[in-house]
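Chemist:
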Amino acid sequence: MWHDNWLPSGQRATNNYSSRTLSSTGLAWNARVADIIDRDQWCFPSGNTCIQNIWQSINFYPNSLEPDTPIWSLTASGEYTIHSAWDQMRTRKPNNNLFHILWHPLHVPRQSIILWLAARGRLRTKDRLPNITEEDGICKLCRREGESHDHLFFHYGYSKQVWDLIASKANITWPTLPWQELLSWIERRSTTKGNFHQWISFLALSSTIYHLWRERNRRIFTNSGHPPNAISKGILVQIRTQLMESPRRLDIPEIHQRTWNLRD
Ligand SMILES: [Zn+2]
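Below you can see the structure in the form of structure tokens.
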């Protein structure tokens, strides 16, 4: 009764009460739980009011027909799971909403990886390379300004033209902000549960980042390039393909079915 963790709180009586208090109940120091059960009814010792909390915490009926079973109190089923044990041990950190932008139901893994690097400012843009001359540091897409995350996504010239086309097709009305501020703005407005409009806009974002980065690399390494509207066209085709192939295609609302011409 006093020394085992059989109470619903998972604690034992000796955790919270002194031996003097417990023995004032008149029950022996080695009393058993069976000693306070009479014909499948609890008969808690009366008298000592200060340990009433123990008796009040007991939220089940005694059952002499069933054997005693351990119950894992951290899951609803009472069964042990590694997940619940880990949840109990780990230090919780606030949720990072970037997760929803990257790993939504319509995401394309290789694109989300590039978006993730871009979100962390970890793409190897020229402003991050050591020992680069001013001339080498010029953005290959517009050949006007130095290349940085802010420049590529999507403030200026080439990349802005590409993004504007995608945003208007996908009906995205995000403000024009520097890259990190834009991401925070999107994070603040994205909901955990999500919806197709949100997921399609995240897909459009990751596709655009991915294709701009690929175009930038093509220009650096092969010296060939495409105009902005050719890139936009490629991105739109790819978004449509991704929607067509989604296992949740039939759940996509009518308005998006029409926008992306999904029924052909
Ligand atoms: Zn540029």
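Under my numbering, think of the first position of the sequence shown as 47, with each following residue one higher. The beta-carbon is built from N, C-alpha and C at its ideal position, and this holds for glycine as well.
Please determine, among Thr67, Ser65, Met47, Arg66, the residue with the shortest C-alpha to C-alpha distance to arginine 58.
Modeler: In the sequence shown, counting from the first residue as 1, residue 58 sits at position 12. Of all alpha-carbon atoms in Thr67, Ser65, Met47, Arg66, the one lying nearest the alpha-carbon of arginine 58 is that of Met47.
Chemist: Thinking C-alpha only, which one of Phe248, Gly280, Ser230, Trp52 is nearest tryptophan 118?
Modeler: Locating residue 118 in the sequence shown gives position 72, counting from the first residue. The shortest Cα separation from tryptophan 118 among Phe248, Gly280, Ser230, Trp52 belongs to Trp52.
Chemist: Report yes if the CB atom of serine 205 is closer than 8 Å to the CB atom of leucine 187, and no otherwise.
Modeler: Within the sequence shown, the letter at position 159 stands for residue 205. Within the sequence shown, the letter at position 141 stands for residue 187. Their beta carbons are under 8 Å apart, which means serine 205 touches leucine 187 by this criterion.
Chemist: Does the Cβ-Cβ distance between glycine 203 and glutamate 193 come in under 8 Å?
Modeler: Working through the sequence shown from its first residue, we reach residue 203 at position 157. Working through the sequence shown from its first residue, we reach residue 193 at position 147. Taking 8 Å as the Cβ cut-off, glycine 203 and glutamate 193 do not qualify as a contacting pair.
Chemist: Given this structure, state the Cα-to-Cα distance separating alanine 216 from glutamine 244, to the nearest angstrom.
Modeler: Looking up residue 216 in the sequence shown gives position 170. Looking up residue 244 in the sequence shown gives position 198. Computed Cα separation, rounded: 10 Å.
Chemist: Answer yes or no: do aspartate 84 and leucine 73 have a C-beta to C-beta separation smaller than 8 Å?
Modeler: To locate residue 84, count along the sequence shown from 1; it is residue 38. To locate residue 73, count along the sequence shown from 1; it is residue 27. Contact: no.
Chemist: Is tyrosine 202 near ligand 1, in the sense that its beta carbon is under 7 Å from a heavy atom of that ligand?
Modeler: Residue mapping note: residue 202 aligns to position 156 of the sequence shown, counting from 1. Result yes, Cβ under 7 Å from ligand 1.
Chemist: Please report how far the alpha carbon of leucine 39 lies from the alpha carbon of leucine 289, in whole angstroms.
Modeler: Missing from the structure shown is residue 39; the chain here goes from 47 to 310 and no further.
Chemist: So for isoleucine 97, helix, strand or coil by DSSP?
Modeler: Stepping through the sequence shown from its first residue, residue 97 is reached at position 51. Three-state DSSP puts isoleucine 97 in a helix.
Chemist: Check whether the stretch 265–273 touches the stretch 222–231, taking contact to mean three or more Cβ pairs, one atom from each stretch, closer than 8 Å.
Modeler: no
Chemist: Ligand 1 and arginine 333: does any heavy atom of the ligand fall closer than 7 Å to the residue's C-beta?
Modeler: With the chain running from 47 to 310 in the structure shown, residue 333 is simply not present.
Chemist: Since valine 208 contacts threonine 171 with CB under 8 Å, what's their CB separation in whole angstroms?
Modeler: Position 162 of the sequence shown, counted from the start, is the residue given in the question as residue 208. Position 125 of the sequence shown, counted from the start, is the residue given in the question as residue 171. Actually they are not in contact, since the Cβ atoms of valine 208 and threonine 171 sit about 17 Å apart, beyond 8 Å.
Chemist: Roughly how far, in whole angstroms, is the beta-carbon of histidine 146 from the beta-carbon of glycine 280, given that I think they are within contact range, below 8 Å?
Modeler: Taking the first residue of the sequence shown as 1, we reach residue 146 at position 100. Taking the first residue of the sequence shown as 1, we reach residue 280 at position 234. Going by Cβ atoms, the distance from histidine 146 to glycine 280 rounds to 26 Å, so no, they are not a contact pair.
Chemist: Using 8 Å as the threshold, is the C-beta distance between asparagine 94 and threonine 67 below it?
Modeler: For the purposes of this step, residue 94 is identified with residue 48 of the sequence shown, where counting begins at 1. For the purposes of this step, residue 67 is identified with residue 21 of the sequence shown, where counting begins at 1. Contact flag set, yes.
Chemist: Within the same chain, show all residues whose beta-carbon is closer than 7 Å to that of aspartate 50, passing over the 5 residues directly before and after it, in chain order.
Modeler: The count along the sequence shown starts at 1 and reaches residue 50 at position 4. Closer than 7 Å at Cβ, skipping near neighbours: Arg58.
Chemist: When DSSP labels each residue in this structure, what does isoleucine 83 get in the three-state scheme?
Modeler: What you label residue 83 is simply residue 37 of the sequence shown in a count that begins at 1. The answer is strand: DSSP assigns isoleucine 83 an E or B state.
Chemist: May I have the straight-line CA-CA distance separating proline 54 from threonine 60, to the nearest angstrom?
Modeler: As a first step, residue 54 must be located in the sequence shown, where it is residue number 8. As a first step, residue 60 must be located in the sequence shown, where it is residue number 14. Distance between the alpha carbons of proline 54 and threonine 60 is about 14 Å.
Chemist: Of all Cβ atoms in chain B, is any one closer than 8 Å to the Cβ of arginine 138?
Modeler: In summary, chain B is missing from the structure at hand, where a single protein chain is found.
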